[in-house]
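Numbering-wise (the numbering used here), the sequence shown opens with residue 10 and increments by one. Don't be surprised by glycine CBs; every beta carbon is placed ideally from N, CA and C.
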Amino acid sequence: MVFVGHSGIPLPLEGKRHPAVFAQDDYFVEMVRFLVDCYQRFTDVIASKLREAVNMQHTFLN
10 MVFVGHSGIP LPLEGKRHPA VFAQDDYFVE MVRFLVDCYQ RFTDVIASKL
60 REAVNMQHTF LN
């Protein structure tokens with residue numbers, strides 16, 4: 010059984026959904042969007058740093 014805990018009350022997600030879960034759906038969706046956004050920014054920063062490092066390596070080797 011899966012539980013959602015951000016309300017402080019564990020709510021089972023199997024079978025019928027508890028009415029309180031619907032009120033939290035918007036919050037949950039926003040949270041997921043925020044986390045995905047952070048992850049994408051994080052990976053973009055890492056990718057740019059890696060590109061910089063590779064470019065620096067090439068300039069030092071040449």
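Length of the line joining the Cα atoms of residue i and residue j
{"i": "residue 46", "j": "residue 60", "result": "21 Å"}
{"i": "residue 54", "j": "residue 41", "result": "20 Å"}
{"i": "residue 66", "j": "residue 38", "result": "42 Å"}
{"i": "residue 35", "j": "residue 50", "result": "22 Å"}
{"i": "residue 6", "j": "residue 62", "result": "Beyond the ends of the chain as shown, which are 10 and 71, falls residue 6; an answer cannot be given."}
{"i": "residue 48", "j": "residue 56", "result": "12 Å"}
{"i": "residue 58", "j": "residue 69", "result": "16 Å"}
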